[in-house]
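*Asks:*
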Amino acid sequence: MQQSMYMAVPVFAFLFPLLMTPVVLFAGRRSGLLRNALALATASATFLAVVTLYPRIMAGEIIQFTLFEILPQLQISFRVDFLSFSLAALSAFVWLLCTIYSIDYMAREHAGSRYYPVLIFTLGSCQGIFMAGDFFTLFIFFELMSLIAYILVIHEETSQALKAGYKYLIMTIIGGLALFFGIIITFELAGTVSLNGGPLITETSTLAFIAFISYLIGFGMKAGIFPLHVWLPDAHPVAPSPASALLSGIMLKTGAYGLLRVIFHVFSPAVIQSGGWDKIMGVLAVITILLGSAVALTQDDIKRRLAYSSIGQMGYILLGMSILTEKALIGDIFHIFSHAFMKSALFLAAGAIIWKTGKRLVSEMAGIGREMPFTLGCFSIAALAMIGIPPLNGFLSKWTLGLGALEAGMPLYVLVLLVSSLLNALYYLPIIVPAFFGGIENEHQHGFNIQEATPRMVGPIAILAVATLLFGLLPTNIPFELSRLTAVFLMRGGPF
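Below is the structure:
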């Protein structure tokens, strides 16, 4: 009976938001207050449901089952292990905070009755991705999430939003086709695409290499990896700020999650290294890190600067995968957590500034830290973490990645991390320093008033900023421990 209850949780986590989508849609036609309450209740229930799995997962159990079979060896199935749980819990937590933030932010925006159903549907799709038990199931939810997120990108319905949405949609279709091609090849070579058991492809071949490249394109597009990143700097700035936070903080991680499953379930570290495919990932990672960081320096629009920063940060995650050591993988997975907290806080803080002042250019923000000290304080914590200032969580993930690179005899990667941290400082400090210490002359002329956003907007920003701080300081660091356990079991092939 208890086992059946735990098996029901993964189904609830994806199905409940999907079923609530039309309910939220129709409620929005009658009452904005009821619509908001239902969206918030859905996000809360999803997060609480996922958290109930924590004791079982920490006990080393794996929850796996087939919902129904479509064709022989092709089914809709679910599986929750350390990696699945970590990403599902992270996404549900950040989604809940962004839903709270949206209530006041979207009150000034149009088409709220369209925004909330899309927000909830995308939550269910992400949960389905992280808890999928095979690549066919993962593909279905991946495509659902990718296509419905298009509506978030074009929500503002400006010419820029529609142009960015068109680019996003084209890249999504290309990525989906590549992913589907990789799955077909895997099924042909292995006779199954299940995540249960050992690696599906155990030796290199031309067909196996084509499958690897297909997966790299399909998941790399969503992760914003060079040269598939072209949609990201246009899509993130035009979306509503809570949607930008989710696009960067969570949805990019679906691509990283898919690549981790490819490396450790479709192939294996041994196969990846024997084919030299880790070198391909390493080169792409270095280019992604340096390109994203360098171009971010040139951006005056704050959300566009954050979008390019996300490209660089996803390069860190690909770099950790390419090193293929246990230490590097710990840092890699922990950086998924860290980036979700840091970048979500940054996008939400940027949204609060735009919402309150109408300013979105970095060159206009001198002195704004004295008008919105709490918001800019949280922004500063997250930005310093992105730079890698100790003891914040961004430092801890970069430190562990660097140790993994040295352990693998790759000191060049450590140099790349250091150069990237310098570039991070060069594009974040010009926001922070003038925000608090600039614009003194205007303050004397026009007076000075604290003008923070509403508590429902500032609260989620503060929670994410505190998480960024505490998950670098606390001796009992749950995300880091989950990262360690996940890395150990992935590298050692152990019980998942």
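Residues in the sequence shown are numbered consecutively from 4, following my numbering.
Beta carbons: idealized from backbone N, C-alpha and C, even for Gly.
Model, not experiment: these values are computed from the prediction.
State the DSSP-derived secondary structure class of M4, mapped to helix, strand or coil.
*Replies:* With a pLDDT of 47 at M4, under the threshold of 50, the predicted position of this residue should be treated as unreliable, though the coordinate-derived value follows. If DSSP states are grouped into helix, strand and coil, M4 belongs with coil.
*Asks:* What runs of the alpha helix (DSSP H), each 4 residues or longer, lie entirely inside the segment 52 to 93?
*Replies:* 57 to 61, all fully within the segment 52 to 93.
*Asks:* Suppose the cutoff is 8 Å on Cβ atoms and the five residues either side in sequence are ignored; what does the same chain contact list for M254 look like?
*Replies:* Excluding residues within five positions, the ones whose Cβ falls inside 8 Å are T125, C129, M148, A152 and K225.
*Asks:* In three-state DSSP terms, what is A411?
*Replies:* DSSP places A411 in coil when its eight states are reduced to three.
*Asks:* Count the C-beta pairs between the segment 343 to 352 and the segment 464 to 473 that are closer than 8 Å, then say yes if the count reaches three, no if not.
*Replies:* Yes: at least three Cβ pairs fall under 8 Å.
*Asks:* Assuming the contact rule is C-beta atoms closer than 8 Å, A16 and A62 should be a hit. Round their C-beta distance to whole Å, please.
*Replies:* About 19 Å separates the two Cβ atoms, so there is no contact after all.
*Asks:* Could you tell me which residues DSSP pairs with L364 in its beta bridges?
*Replies:* For L364, which the question treats as bridged, DSSP gives the partners D304.
*Asks:* By Cβ distance, which residues of its chain are closer than 8 Å to A385, with the 5 residues on each side in sequence left out?
*Replies:* Result list for A385: F344, M345, K346, A348, L349, A352, L467, A468 and T471, in chain order.
*Asks:* CA-CA distance, A46 and L93?
*Replies:* The straight-line gap from Cα to Cα measures roughly 12 Å.
*Asks:* Pick from T205, Y218 and A11: whose alpha carbon is nearest that of A181?
*Replies:* Checked all of T205, Y218 and A11; the closest Cα to A181 is Y218.
*Asks:* Helix, strand or coil: how does DSSP classify S251 here?
*Replies:* The answer is helix: DSSP assigns S251 an H, G or I state.
*Asks:* Quick check: the segment 352 to 372 against the segment 229 to 245, are at least 3 beta-carbon pairs closer than 8 Å?
*Replies:* Touching, per the Cβ criterion.
*Asks:* With burial defined as no fewer than 16 other Cβ atoms inside 10 Å of the residue's Cβ, what is the status of R308: buried or exposed?
*Replies:* By the 10 Å Cβ count, R308 comes out buried.
*Asks:* Can you check whether the CB of L395 is closer than 8 Å to the CB of F387?
*Replies:* It should be pointed out that residue 387 corresponds to Leu in this sequence rather than to Phe. Yes, the pair counts as a contact, with Cβ atoms nearer than the cut-off.
*Asks:* Closest to F139 by C-alpha separation, out of T489, R32 and Q78, would be which residue?
*Replies:* Checking every option, the nearest Cα to that of F139 belongs to Q78.
*Asks:* According to DSSP, which residues form a beta bridge with A135?
*Replies:* Its beta-bridge partners are F81.
*Asks:* Which one of Y119, I103, C101 and D237 has the shortest CA to CA distance from Q163?
*Replies:* Nearest of Y119, I103, C101 and D237 to Q163, Cα basis: D237.
*Asks:* Identify the residues that DSSP records as bridge partners of S244: which are they?
*Replies:* Note: S244 sits in no beta bridge, so no partner.
*Asks:* Count the CB pairs spanning the segment 314 to 329 and the segment 292 to 304 that are closer than 8 Å, and state whether there are at least three.
*Replies:* With a cut-off of 8 Å, the segment 292 to 304 and the segment 314 to 329 count as touching, because enough Cβ pairs lie within range.
*Asks:* Excluding the 5 residues preceding and the 5 following L249 in the sequence, name in chain order all residues of the same chain whose CB lies nearer than 6 Å to its CB.
*Replies:* Cβ neighbours of L249 beyond the five flanking positions: C101.
*Asks:* Hey, out of Y431, G131 and L86, whose CA is closest to A310's CA?
*Replies:* Taking only the C-alpha atoms, the option nearest A310 is Y431.
*Asks:* Using 10 angstroms around the beta-carbon of K362, count the other beta-carbons present and answer buried if the total reaches 16, otherwise exposed.
*Replies:* K362 is exposed by the Cβ-count criterion.
*Asks:* Restricting to Cα atoms, I'd like to know which of L262, I213 and L210 is closest to L141.
*Replies:* Looking at the Cα atoms, L262 is the closest of the given residues.
*Asks:* Check for me: the alpha helix (DSSP H) holding W280 runs from which residue to which?
*Replies:* Residues W280 to A299.
*Asks:* Taking just the CA atoms, how far does V286 sit from L203?
*Replies:* The straight-line gap from Cα to Cα measures roughly 25 Å.
*Asks:* How do the segment 112 to 119 and the segment 165 to 173 stand: do at least 3 beta-carbon pairs fall below 8 Å, yes or no?
*Replies:* With a cut-off of 8 Å, the segment 165 to 173 and the segment 112 to 119 do not count as touching, because too few Cβ pairs lie within range.
*Asks:* Could you name each continuous alpha helix (DSSP H) segment of 4 residues or more that falls completely within the segment 115 to 188, going from the start of the chain to the end?
*Replies:* Listed in chain order, the complete alpha helix (DSSP H) runs (minimum 4 residues) inside the segment 115 to 188 are 115 to 133 and 138 to 156.
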